[in-house]
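Step one of this worksheet: look at the structure below.
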Amino acid sequence: KDAVSHNDVMKGTVSTGKFWRESNETISWADFTTLKKPGKYFIKIGNDKSETFEIKENGHIYDDLLTAAVKGFYFWRSGMDILPEYANWKGTNYARKAGHIDSVVYLHASLTSAKRPADTELNSHGGWYDAGEYAKYTTNAAITVHTLLTSYITEYKQYDTLNFNIPESNNSTPDILDEVMYELKWMLTMQDPNDGGVYNKVTPLRFPGFVMPADDKADRYMIGKTIDCAYDFAATMALASRVYAGNKDYPDFSEKAKKAALDAFKFASKHSVYHPFVNPPDCNTGTYDSESVDDERFWASCELLILTGDKKYAENINLFQIFNVPYWGDVATLGLISLMLNRDIISGALDVNAVEKRFKALADNLLAMYKYQTGKIPLREFVWGSNGQIANSGMILALGKKVMKADKYTEAAQYCLDYILGCNSTGYCFVTGFGSLSPHFIHDRRCATDGIENPIPGYMVGGPNVKQTTDCGRSMYPTNKFAARAYLDEECSYSTNEPAINWNAPLVFLTAFIRGEYK
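Quick note, the numbering used here runs 76 ahead of the 1-based positions in the sequence shown.
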C-alpha cells in the first residue's frame, strides 16, 4: 500500500511457510521486486502491517548507508582530533579530542633483541582502532584494507565521484583511498627495519576501562612478531603498492609499500617453523592467532606475483585446495580474489582456468545455500561475527557477478545486505543509525562514554552468536537455543553487539556493489 494514500499499489500471495529451526519460526516470503515507482510504502497481510519503507531510483536508497559505513572508519581514527566540521551526522556531532597519539610506544620485553632492546621507544602514530576498544592489530588491519581496496578497484566509478567529508576530501584522491591511507601509514610503523618482520599489535597490557580515547593514559606496547603477521602485511602492502601507483597525493608510497612487502615476505620465508601468537604473561589484550600459515603465505604470494610478475611466487600458490568465505583467520580466498581480478597478468604463471574454477565453486556453493536454506542466508553457523560472515559471503557473490558476468549471483548478494538491514529473525537492522530498530547500546568505549544518546552511525555489529552468551549472562539473551535470534542490544554483549573494522569493510563492499547495480 502507498504509505500516504493507503491505496493498494500491488497485490499478491506470500510463499508457503517453511519451518526454520535456527529461529523456531515458520517463514514465508513476499516478492515485490517489480514495484519500481519511487515512494513510501508498507505491506499489509490481514491485520498485520509492516514498517514503512521507501523506494528510490538509481540506487539512491543506499547513499546514506554507504557514506556512514565508510565514514565509520574516520571515526575509528586514533591519534588525531575528530573535528566538528567532519563529525556531523543528521544534526548530531561526534567530534572528540585525540587520544592514543602513540608517538611513544614501548617494545615489549618479550621482543628484546640486540638492535631493539626491551622498552625501546617507537613511533606508531595513526591507524584505526580495531573495534570497540583502543587496540590496533596488524592482522585485522590487513583483511580490512584488502576488502576496502578491492571495493575501490571494482567500484572506482562510484568512489571517484563521492565525497565522504573527511580532512583529505579536497585533494585529488578518492576519499576511500585517503581513508585507507591513514591505516596503511600506521601499518608501516609495525615493520622492524632491521629484519623486515612485523609486529602483531599496539595495545596496553590490559584492556582499558570505558573511557574516552583522550582519557586513556595507559602505556602502550608493540607486542608479538609472527610469520602469519608478516605474510598478511606483505600481501596488503603489495596490493596497496599497485593501487596507489602514480598517485600524486602520495607520490612515494607505492615504492615504499613494495619494498616493505618484499622485506616482510623475505622475513617470513626465512622462518620455516610457525609459532602462533600467544600473549606474554603480563598482557591480556586481544589475539589474532592463526592455526596455520599456509593461507597467509598463499595470499602474499598471489599479491607479489601480480605486483612483480616474478614466477617464483607461483610456487607457493596451490589452487587445488578448498577456498572458504574469508575472515582474518582464513585469508586464502583474498588471494584468489586478486588472481580473479588480474587474470591477464597471471596467465603466464598460473592456470587461469583453475583460478576461475575454484572461485566459481565457492560462489556457487554460497548461491546454493541461499536458494535452499529456509532462512536464505549463506551461513552454516551463527558464531562470533555472523554478520561479518554474511557480508563477506555477499562480497563473494557480488564478485561472482562482477568478474564472471553472471547475473545469477546478484539476488543472493542483495539478500545478504537485506538480512543485515533488517530482514532477519531479530527484527534489527544491524547497522547503527539505520532502520526503525537498530543497535543502540553497542559495546564500544567511545559510544558508551561520549555523552551522546545515539551511537556513531554506520557501524555493523557482530550479530547473533549462540556459542557465547556468558558476557552478559545467559539469562539476559532472548534465547540460548535458537541461533538466529541469539542477539542482545546491550553494552555488555561484546559477543554480539560490538562493531569491528573487518566487519564494516565487507558492509562497505556489499553496499557499494548493490548501489552500483541500480545505477
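A virtual CB, placed ideally from N, CA and C, is assigned to each residue, including glycine.
Rounded separation between residue i and residue j - CA only
i	j	result
K77	G88	12 Å
T616	T109	Only positions 77 to 595 of the chain appear in this structure, which leaves residue 616 out of reach.
A425	E372	20 Å
D291	M156	14 Å
V274	R434	31 Å
F506	P193	45 Å
G511	I466	19 Å
L238	V85	34 Å
Y117	K125	11 Å
M298	S99	43 Å
S571	G322	42 Å
F240	F95	43 Å
N573	T279	22 Å
P531	L497	17 Å
K334	N246	27 Å
R172	G208	16 Å
K293	H176	8 Å
N500	I121	18 Å
A106	L142	26 Å
Y403	N123	43 Å
K481	L473	11 Å
Y389	S104	50 Å
D178	R296	8 Å
S186	E197	15 Å
A559	T502	10 Å
L443	L475	12 Å
D139	V401	27 Å
K596	N541	The structure shown does not extend to residue 596, since the chain is modelled only from 77 to 595, so the question has no answer here.
P356	N463	31 Å
Y495	L583	12 Å
A581	H222	9 Å
Y150	N83	43 Å
Nearest neighbour of residue i, chosen from the options [CA to CA]
i	options	result
Q490	P356, F585, N270, E529	F585
N394	D386, W404, G385, S377	S377
V287	G362, V221, Y210, D420	Y210
N164	T409, G534, V221, V407	G534
T265	V181, D292, H347, T188	V181
G115	R296, S81, E457	S81
N360	V428, P284, L417, F329	P284
C305	D295, A340, K335	A340
K332	Y320, T215, F343	Y320
D254	H516, G300, A316	A316
P515	T525, K477, V537, S423	V537
R318	F458, L381, D483	L381
N216	D365, Y594, T486	D365
D325	H222, F374, D251, R282	D251
D406	D520, A337, D370	D370
L383	F374, A311, I131	A311
Y258	I242, K113, D427	I242
A174	A588, E127, D526	D526
Three-state secondary structure assigned by DSSP to residue i
i	result
Y117	strand
T109	coil
L475	helix
G592	helix
E101	strand
W204	strand
K484	helix
V287	coil
D420	helix
V319	helix
V274	strand
K94	strand
Q490	helix
D520	coil
Q267	strand
V459	coil
D370	helix
V542	coil
V354	coil
Bridge partner(s) assigned by DSSP for residue i
i	result
Y138	DSSP lists no partner for Y138.
T279	Y297
D78	Y117
F585	Answer is none; F585 lacks a bridge partner.
P554	BP columns for P554 are empty, so no partner.
P575	V537
V181	L198
K212	V278
D124	I121
Whole beta strand (DSSP E) elements within the stretch 126-175, 3-residue minimum: The stretch 126-175 contains these whole beta strand (DSSP E) runs: 129-131.
Sequence ranges, beta strand (DSSP E) only - wholly within the stretch 387-435, length at least 3: Entirely contained in the stretch 387-435, not one beta strand (DSSP E) run reaches 3 residues.
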